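A.B. asks:
2 protein chains.
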Amino acid sequence: MKQPVRIAVTGAAGGISYSLLFKIAAGEVLGSDQPVILQLLEITPAMDALRGVAMELQDCAYPLLQGVVLSDDPTVAFKDADYAFLVGARPRGPGMERKDLLEANAAIFSVQGKALNDVASRQVKVLVVGNPANTNALIAARNAPDLDPTQFTAMTRLDHNRAVGLAANKTGFATPTINRVTIWGNHSVTQVPDLYHADVAGEEAVDAVGEDWYKNTFIETVQKRGAAIIDARGASSSASAAQAAIDHMRDWALGTYEGDWVSMAIPSDGSYGVAKGIIYSFPVRCAFGRYEIVQGLEINDFIAGKMKASEQELIEERDAVASLLPAETEAHLENVQIADRSNRELNARGLNADEKAVFTERF
Amino acid sequence: MKQPVRIAVTGAAGGISYSLLFKIAAGEVLGSDQPVILQLLEITPAMDALRGVAMELQDCAYPLLQGVVLSDDPTVAFKDADYAFLVGARPRGPGMERKDLLEANAAIFSVQGKALNDVASRQVKVLVVGNPANTNALIAARNAPDLDPTQFTAMTRLDHNRAVGLAANKTGFATPTINRVTIWGNHSVTQVPDLYHADVAGEEAVDAVGEDWYKNTFIETVQKRGAAIIDARGASSSASAAQAAIDHMRDWALGTYEGDWVSMAIPSDGSYGVAKGIIYSFPVRCAFGRYEIVQGLEINDFIAGKMKASEQELIEERDAVASLLPAETEAHLENVQIADRSNRELNARGLNADEKAVFTERF
Numbered sequence: 001m002k003q004p005v006r007i008a009v010t011g012a013a014g015g016i017s018y019s020l021l022f023k024i025a026a027g028e029v030l031g032s033d034q035p036v037i038l039q040l041l042e043i044t045p046a047m048d049a050l051r052g053v054a055m056e057l058q059d060c061a062y063p064l065l066q067g068v069v070l071s072d073d074p075t076v077a078f079k080d081a082d083y084a085f086l087v088g089a090r091p092r093g094p095g096m097e098r099k100d101l102l103e104a105n106a107a108i109f110s111v112q113g114k115a116l117n118d119v120a121s122r123q124v125k126v127l128v129v130g131n132p133a134n135t136n137a138l139i140a141a142r143n144a145p146d147l148d149p150t151q152f153t154a155m156t157r158l159d160h161n162r163a164v165g166l167a168a169n170k171t172g173f174a175t176p177t178i179n180r181v182t183i184w185g186n187h188s189v190t191q192v193p194d195l196y197h198a199d200v201a202g203e204e205a206v207d208a209v210g211e212d213w214y215k216n217t218f219i220e221t222v223q224k225r226g227a228a229i230i231d232a233r234g235a236s237s238s239a240s241a242a243q244a245a246i247d248h249m250r251d252w253a254l255g256t257y258e259g260d261w262v263s264m265a266i267p268s269d270g271s272y273g274v275a276k277g278i279i280y281s282f283p284v285r286c287a288f289g290r291y292e293i294v295q296g297l298e299i300n301d302f303i304a305g306k307m308k309a310s311e312q313e314l315i316e317e318r319d320a321v322a323s324l325l326p327a328e329t330e331a332h333l334e335n336v337q338i339a340d341r342s343n344r345e346l347n348a349r350g351l352n353a354d355e356k357a358v359f360t361e362r363f
Numbered sequence: 001m002k003q004p005v006r007i008a009v010t011g012a013a014g015g016i017s018y019s020l021l022f023k024i025a026a027g028e029v030l031g032s033d034q035p036v037i038l039q040l041l042e043i044t045p046a047m048d049a050l051r052g053v054a055m056e057l058q059d060c061a062y063p064l065l066q067g068v069v070l071s072d073d074p075t076v077a078f079k080d081a082d083y084a085f086l087v088g089a090r091p092r093g094p095g096m097e098r099k100d101l102l103e104a105n106a107a108i109f110s111v112q113g114k115a116l117n118d119v120a121s122r123q124v125k126v127l128v129v130g131n132p133a134n135t136n137a138l139i140a141a142r143n144a145p146d147l148d149p150t151q152f153t154a155m156t157r158l159d160h161n162r163a164v165g166l167a168a169n170k171t172g173f174a175t176p177t178i179n180r181v182t183i184w185g186n187h188s189v190t191q192v193p194d195l196y197h198a199d200v201a202g203e204e205a206v207d208a209v210g211e212d213w214y215k216n217t218f219i220e221t222v223q224k225r226g227a228a229i230i231d232a233r234g235a236s237s238s239a240s241a242a243q244a245a246i247d248h249m250r251d252w253a254l255g256t257y258e259g260d261w262v263s264m265a266i267p268s269d270g271s272y273g274v275a276k277g278i279i280y281s282f283p284v285r286c287a288f289g290r291y292e293i294v295q296g297l298e299i300n301d302f303i304a305g306k307m308k309a310s311e312q313e314l315i316e317e318r319d320a321v322a323s324l325l326p327a328e329t330e331a332h333l334e335n336v337q338i339a340d341r342s343n344r345e346l347n348a349r350g351l352n353a354d355e356k357a358v359f360t361e362r363f
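Residue numbers (full-length UniProt numbering), protein chains in the order written: chain A, 1 to 363; chain B, 1 to 363.
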């Protein structure tokens, strides 16, 4: 049997984690032959509830679950972690301004970034789910100078999956026939769901759904889907957010399908003119546990304007917490470039037949 | 690609289903090559919440999910269903006596039994999760005279998994090394967690955990685990119940591991002296989509007394709703015997090499 990998999850007694943990333990991230140890972080007042969740994990008798660690100390929960799902975040309270919210979360994610820097595996893959996810990921990355910034990502996969699901529902085609959908920018209402490079069952996606409907209904529906779910369910999206987190991490670890790509919010390397350093959602392909931005897509003015607006929002978010961000060191910037170059080299030399075996098979 | 199977789930907007549906759609029951259509039943006032859940299912863009049907009419939700998870049940309200609870649920499950009888696939596999699960399953079965009673089962897999998890936690061995645990009887505090035929990493389980601890701590811990979870979490077991439902149906459909068995509450055929016809949990092995009671286990007096008490409870539950139970017809009883005989013949002739391939592989 393989050696177990350590998977840290924060906000582990919350609603999203209640769906997420039982999927991780069942093998949905890394497959049914990969044992895992769950390392769960909560705030002190939630430790009793967390023990209840751990009891239920034990009660599932998962063959793959080789251990569960519970802690309110990030240096315990992140110790040697190979994967970290940062789910917990401070929600907006009554009377809280946007800047208050950003700062409250900056405090959380700077502590967690430092802890990851100090104790996590040097190859740790970090996914920030807690909102504002992109800027929280930026804060964590900047507080982890010994890690490569490209190890820090934020989740736009829920938006990506929503876009695929909506296109499937509109056209009647199954989701595996829908490829190369992109979410650009921030995981917020400024996100840009882009169908111009996508296709549905071999037809250009914008034609398949109709350009009017795409521009006037599709984009806004995806952007505001979170609120629509709350209206219908009376509770926020938990199960679908957990599934998106699973999908994000699985594809990052095991690879994307040939002919398709996924959306991940990652440190911008300047591709498509996006300001370097902010955590921005791009179309990416994954292989060998790395991701690479899909290059060379032609961006029309309609999309370019929206991309700029979302970039602007992220720059403003960054600036709002600037006083809490450690300076970006030269070495840190160099890391981004090295990681980026390495990814490009990987892509440029192509994949041989053996290496392709690491891609998961699409049925 | 395979033809989709239809999976009906009742109480589909409730807590257990919120974990269950997203596992079914991800392929945890029937594997990653089996498309599914979910047919979801709720009471009329919960249809808005159910639409919210369906939106989230769409938002996951599951490759295997080929359709979702929402209805408050069981003849719609059960139409051609190959599998039915009966999760929804009436919980005990304030001032409600045990008999009131049994009768309120008898009303629900008699309607659902009739609907399954009228519209479900003739091979439908039914799992009752909603409590009192055993007697609810009995009521549904008796209201479905055209189906084989052995198609109706109730869930003691959560108790089974809890017993395995607890033994693993006590001994430090991984759950796959713990085999042949049994839950006898009712899914209630009278259930009988039996370790006398089990082993842990090759050692007799009762020796591995210590007989005193087994008799004085283990049994009661498993019996009262539901209440302990509520104490810790402030909410009842949902995720672990959903996982147990997945495990029950998966093993029934795809087979149990060689050298192990699972616990399922099924119509008693009189094995081990248990009154015929009541839905009683036995150790079973599954293959070819059928289950068979493990025969020939030696039952000591300690266990036998507890088995009798649980049987007595189930007889009382049955008698409390007797006025609502259609008479058991000769043909219906004959069906039980035919199904039972057929299962025995299957086992008696043994499995050839090809047939063994249907067993799922244990790593």
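Using N, Cα and C, we set each Cβ at its ideal position, and we do this for glycine too. Since the model is a prediction, treat every value here as computed from it, not as a measurement.
1) Secondary structure at Val53 of chain A, three-state DSSP: helix, strand or coil?
2) Which same chain residues, not among the five before or five after Gly277 of chain A, have their C-beta less than 7 Å away from its C-beta?
3) Per DSSP, which residues does Glu203 of chain B bridge with? Please list them.
4) Taking the CB atoms as reference points, tell me whether Ala8 of chain B and Ala84 of chain B lie closer together than 8 Å.
5) Thinking Asn131 of chain A and Asn186 of chain A are a contact (beta carbons under 8 Å), I'd like their distance in whole angstroms, please.
6) Report all residues from its chain with a CB closer than 7 Å to the CB of Tyr320 of chain B; omit the five preceding and five following residues, and keep chain order.
7) Helix, strand or coil for Val119 of chain A, going by three-state DSSP, please let me know.
8) Going along chain A, which residues have a C-beta under 9 Å from Phe173 of chain B?
9) With a Cβ-Cβ cutoff of 8 Å, do Ser263 of chain B and Thr156 of chain B count as a contact?
10) Can you check whether the CB of Ala61 of chain B is closer than 8 Å to the CB of Ala168 of chain A?
11) Specify the secondary structure class of Val9 of chain B as computed by DSSP and reduced to three states.
12) Please identify the residue among A:Asp82, A:Ser310 and A:Arg122 whose C-alpha is closest to the C-alpha of Gln3 of chain A.
13) How big is the Cα-Cα spacing for Ala120 of chain B and Leu64 of chain B?
14) Measuring CA to CA, which of A:Gly273, A:Pro74, A:Ile230 and A:Phe109 is closest to Val53 of chain B?
15) Quick check: is the beta carbon of Gly243 of chain B nearer than 8 Å to any beta carbon in chain A?
16) Less than 8 Å separating the beta-carbons of Pro74 of chain B and Leu41 of chain B?
17) Against Arg162 of chain B, what residues of chain A qualify as contacts under a CB-to-CB distance less than 7 Å, listed in chain order?
18) Please list, in chain order, the residues of the region 222-240 of chain B that have any C-beta partner in chain A closer than 9 Å.
19) Could you give the C-beta distance for Asp72 of chain A and Met55 of chain A, rounded to a whole number, given that I count them as a contact under 8 Å?
20) Quick one: is Tyr257 of chain A near chain B, going by C-beta distance under 8 Å?
21) Which bits of chain B does Arg51 of chain A rub up against, with CB to CB less than 8 Å?
22) Could you give the DSSP three-state label for Pro4 of chain A: helix, strand or coil?
23) For Met47 of chain A, write down the residues that DSSP places opposite it in a beta bridge.
24) If you follow the beta strand (DSSP E) that Val126 of chain B is part of, which residue opens it and which one closes it?
25) Can you name the residues that DSSP bridges to Glu292 of chain B?
26) On the CB-based measure, 16 or more other CB atoms within 10 Å of its CB, does Thr44 of chain B come out buried or exposed?
27) Go ahead and pull the three-state DSSP assignment for Ser238 of chain B.
28) Could you tell me whether any Cβ in chain B is nearer than 8 Å to the Cβ of Ser19 of chain A?
29) Going by DSSP in three states, Gln39 of chain A sits in which element: helix, strand or coil?
30) Might you give, ordered along the chain, the residues of its own chain that have their beta carbon closer than 8 Å to the beta carbon of Met249 of chain B, omitting 5 neighbours on each side?
31) What whole-angstrom Cβ distance do residue 392 of chain B and Tyr214 of chain B have, given they're in contact under 8 Å?
32) Whose Cβ in chain B lies nearer than 8 Å to the Cβ of Met249 of chain A?
33) Quick check on the DSSP output: what are the complete alpha helix (DSSP H) runs of length 4 or more inside the region 130-201 of chain A, in order along the chain?
34) Residues in its own chain within less than 8 Å of Ser32 of chain A by CB, not counting five upstream and five downstream?
35) Measuring straight from C-alpha to C-alpha, what distance separates Val76 of chain B and Gln312 of chain B?
36) Which term fits Asn300 of chain B, buried or exposed, when burial requires 16 or more other beta carbons within 10 angstroms of its beta carbon?
C.D. replies: So, to answer that:
1) Val53 of chain A: helix per DSSP, three-state reduction.
2) Contacts found: Pro267, Ser268 and Glu328.
3) Glu203 of chain B pairs with B:Val200.
4) At a Cβ-Cβ threshold of 8 Å, Ala8 of chain B and Ala84 of chain B count as neighbours.
5) Going by Cβ atoms, the distance from Asn131 of chain A to Asn186 of chain A rounds to 10 Å, so no, they are not a contact pair.
6) Looking at the sequence provided, one finds Ala at residue 320 of chain B rather than Tyr. Cβ within range, chain order: Lys99 and Leu102.
7) Looking at Val119 of chain A - three-state DSSP - the assignment turns out to be helix.
8) Going along chain A, no residue has its Cβ under 9 Å from Phe173 of chain B, so there is no contact; the nearest lies around 11 Å.
9) In contact: Ser263 of chain B and Thr156 of chain B (Cβ atoms closer than 8 Å).
10) For Ala168 of chain A and Ala61 of chain B, yes; Cβs fall inside 8 Å.
11) DSSP places Val9 of chain B in the strand class (E or B) of the three-state scheme.
12) Nearest of A:Asp82, A:Ser310 and A:Arg122 to Gln3 of chain A, Cα basis: A:Asp82.
13) Distance between the alpha carbons of Ala120 of chain B and Leu64 of chain B: 21 Å.
14) Taking the Cα of Val53 of chain B as reference, the smallest distance to any Cα among A:Gly273, A:Pro74, A:Ile230 and A:Phe109 is reached at A:Ile230.
15) It should be noted that the sequence gives Gln, not Gly, for residue 243 of chain B. Closer than 8 Å: yes.
16) Contact annotation: Pro74 of chain B and Leu41 of chain B have beta-carbon atoms nearer than 8 Å.
17) The answer, in chain order, is Asp59.
18) Residues passing the 9 Å Cβ filter: Arg225, Ala228, Ile229, Ile230, Asp231, Ala232, Arg233, Gly234, Ala235, Ser237, Ser238, Ala239 and Ser240.
19) That belief does not hold up - the Cβ atoms of Asp72 of chain A and Met55 of chain A are roughly 18 Å apart, past 8 Å.
20) At a cut-off of 8 Å between beta-carbon atoms, Tyr257 of chain A makes no contact with chain B.
21) Below the 8 Å Cβ cutoff, chain B contributes Ala232 as neighbours of Arg51 of chain A, in chain order.
22) Pro4 of chain A: coil per DSSP, three-state reduction.
23) Residue pairing of Met47 of chain A in beta bridges, as defined by DSSP: absent, with no partner found.
24) Looking at the DSSP string, the run of the beta strand (DSSP E) that includes Val126 of chain B is Lys125 to Val128.
25) Answer by DSSP bridge pairing, in chain order: B:Arg285.
26) That one is exposed.
27) Coil.
28) It does; some Cβ of chain B falls within 8 Å.
29) Strand at Gln39 of chain A.
30) The beta carbon of Met249 of chain B lies closer than 8 Å to those of Val29, Tyr83, Phe85, Lys125 and Leu127 in the same chain, with the five residues before and after it left out.
31) In the structure as shown, chain B begins at 1 and stops at 363. Residue 392 of chain B is therefore absent and cannot be evaluated.
32) Simply none; closest approach about 14 Å.
33) Restricted to the region 130-201 of chain A, the alpha helix (DSSP H) segments that are unbroken, complete and at least 4 residues in length are 133-142 and 157-171, listed in chain order.
34) In the same chain as Ser32 of chain A, and ignoring 5 residues on each side of it, the C-beta atoms closer than 8 Å to its own belong to Leu64, in chain order.
35) Those two C-alpha atoms are separated by around 37 Å.
36) By the neighbour-count criterion, in which a residue is buried when 16 or more other Cβ atoms sit within 10 angstroms of its Cβ, Asn300 of chain B is exposed.
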